[in-house]
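S.K.: Heads up: the sequence shown begins at 1 in this note's numbering, then just goes up one per residue. Every residue gets a Cβ at the ideal spot worked out from N, C-alpha and C, and that includes glycine. None of the values given here were measured: they were computed from a predicted structure. Have a look at this one before I ask anything.
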Amino acid sequence: MRHFLTTADWTRRELQALIDDARAMQASPIGGALKDKTVALLFLNNSLRTRTSFDVGVQQLGGHAIVLSPSGGMWPLEFEDGVVMDGDAEEHVREAAAVLSRYVDLIGVRAFPKFVDWSEDRKDKVITAFAKYSSVPVINMETITHPCQELAHVMALQDRFERDGRGGLDGKKYVLTWTYHPKPLNTAVANSGLIIAAKFGMDVTLLCPTEEYVLDRRYMELAAADCKANGLKLRVTHDIDEAYDGAEVVYAKSWGALPYFGEWAPEKDIRDRYRHFIVDEEKMRRTNDALVSHCLPMRRNVKITDAVFDGPNCVAYDEAENRLHVQKAIMKALAS
Ligand code: CP
């Protein structure tokens with residue numbers, strides 16, 4: 001049995017096969033790969049795209065989806081082993097995962113960090129526990145990475161470069177840029193953008209305001225290793241012009257600086273000084289006709305200007321649509 005927890009566990013070839021199957025299902029959406037199968041979708045955090053695209057995808061493959069969430073009446077869960085459960089949690093993940101596995105064929109989990117202690121959050125305890133105690137495959141619907149978003153992102157980039165006769169992804173300059181946001185957000189999509197771009201052979205630059213915004217070493221090291229294997233070098237810069245010069249992809253995301261988890265007030269003072277990291281027309285003029293994307297939701301004119309986001313080089317809607325197709329491919333692969 002195989003889970004889909006992080007793309008780090010899957011080879012580029014395997015991921016490309018999922019994307020290729022996603023394209024086939026985009027062309028022919030209705031199928032029977034999940035006929036008579038049930039998928040539990042556990043959301044511990046909000047969602048628009050993930051919840052809708054998984055539910056629709058299960059239906060299109062002939063299956064049935066059940067959405068579970070704390071606001072929908074689910075028992076509060078405990079994820080630590082060996083604790084005395086005299087707090088708020090009524091049920092341990094051991095029982096929840098084991099019992100759900102008796103009812104359903106796949107389990108999707110969304111569980112963001114708690115934003116208090118990164119050394120704890122980086123253990124990704126919730127999905128790790130589900131994978132450990134479930135006897136059916138588990139899919140990461142966003143925890144500290146967002147692997148479904150990664151495949152949707154790669155598919156959108158490949159499709160647009162192919163359509164425009166610009167070739168494949170290998171060697172193209174990919175800029176993952178931090179952008180301002182009034183709140184400190186999850187690093188999941190940033191971690192994901194970094195590792196998937198490197199895995200697919202792109203020439204990756206991480207642009208962020210200061211050293212404090214560099215991502216977790218686990219993802220930096222994964223990306224650096226893949227870049228090295230591809231004859232490239234992962235670059236980190238705080239210089240906007242250097243990053244944008246010649247870029248062929250600009251992926252925008254905001255995230256909170258890891259050293260400030262749990263003490264956000266001083267981080268906000270730093271973050272507020274970097275509102276100018278917005279993706280705008282002036283910066284985009286430095287690029288090599290770069291494609292732009294964002295995972296969404298996205299605050300307009302805070303992260304990306306209207307002119308860039310609504311312009312011809314933005315593939316964010318394609319990326320969002322692709323969530324449906326790639327997730328169907330993932331569910332089909334895991335359930336078969
Ligand atoms: N990109 C993404 O996962 O969107 P939602 O948070 O709306 O699901």
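From V326 to A65, what does the alpha carbon distance come to, in whole angstroms?
M.R.: Within the sequence shown, residue 326 is the residue found at index 326, counting from 1. Within the sequence shown, residue 65 is the residue found at index 65, counting from 1. A direct Cα-to-Cα measurement between V326 and A65 gives close to 17 Å.
S.K.: Within 8 Å: the Cβ of T128 and any heavy atom of the ligand CP?
M.R.: As a position in the sequence shown, residue 128 is number 128, starting the count at 1. No, since every heavy atom of the ligand CP falls outside the 8 Å radius drawn around the Cβ of T128.
S.K.: Contact between the segment 189 to 203 and the segment 247 to 259 is defined here as three or more beta-carbon pairs at a separation below 8 Å; is this criterion met?
M.R.: yes
S.K.: So what does T38 bridge to, in DSSP terms?
M.R.: The sequence position of residue 38 within the sequence shown is 38, counting from 1. For T38, which the question treats as bridged, DSSP gives the partners H64.
S.K.: Based on the DSSP secondary-structure assignment, which residues constitute the bridge partners of F130?
M.R.: Here residue 130 is taken as the residue at index 130 of the sequence shown, counted from 1. Paired residue(s): none; F130 is not in a bridge.
S.K.: To the nearest angstrom, how far is it from the Cα of N191 to the Cα of D310?
M.R.: Taking the sequence shown and counting its residues from 1, the one referred to as residue 191 is at position 191. Taking the sequence shown and counting its residues from 1, the one referred to as residue 310 is at position 310. Straight-line Cα distance between these residues: approximately 25 Å.
S.K.: Could you please give the first and the last residue of the uninterrupted alpha helix (DSSP H) stretch that includes Q192?
M.R.: Here residue 192 corresponds to residue number 192 of the sequence shown, with the count starting at 1. Sequence check: residue 192 is Ser here, not Gln. Looking at the DSSP string, the run of the alpha helix (DSSP H) that includes S192 is 188 to 199.
S.K.: Between the Cα of R271 and those of Y213, P297, N322, spot the shortest distance and give me the residue it belongs to.
M.R.: If you number the sequence shown from 1, residue 271 lands on position 271. Of the listed residues, the one whose Cα sits closest to R271 is Y213.
S.K.: Buried or exposed: Y133, going by 16 or more other Cβ atoms within 10 Å of its Cβ?
M.R.: The residue given as residue 133 occupies position 133 in the sequence shown. It is buried - the Cβ of Y133 has at least 16 other Cβ atoms within 10 Å.
S.K.: Would H238 and P209 qualify as a contact pair, given that the criterion is a beta-carbon distance under 9 Å?
M.R.: Looking up residue 238 in the sequence shown gives position 238. Looking up residue 209 in the sequence shown gives position 209. Yes. Within cutoff.
S.K.: Does F43 come out as helix, strand or coil in the three-state DSSP assignment?
M.R.: Counted from its first residue, the sequence shown places residue 43 at position 43. The three-state secondary structure of F43, taken from DSSP, is strand.
S.K.: If you measure from the CB of H146, is any heavy atom of the ligand CP nearer than 8 Å?
M.R.: One-based indexing of the sequence shown puts residue 146 at position 146. Yes - the ligand CP has a heavy atom lying nearer than 8 Å to the Cβ of H146.
S.K.: Is it buried or exposed, R13, if we count other Cβ atoms within 10 angstroms and call 16 or more buried?
M.R.: As a working note, residue 13 is residue 13 in the sequence shown. R13 comes out exposed.
S.K.: Taking 9 Å as the CB-CB cut-off, is K268 touching chain B?
M.R.: Within the model displayed, chain B is absent; a lone protein chain is all it includes.
S.K.: CA-CA distance, K268 and D117?
M.R.: To locate residue 268, count along the sequence shown from 1; it is residue 268. To locate residue 117, count along the sequence shown from 1; it is residue 117. The alpha-carbon atoms of K268 and D117 are separated by roughly 17 Å.
S.K.: Is R51 near the ligand CP, judged by its Cβ being under 8 Å from some heavy atom?
M.R.: Looking up residue 51 in the sequence shown gives position 51. Yes, the ligand CP has a heavy atom inside 8 Å of this Cβ.
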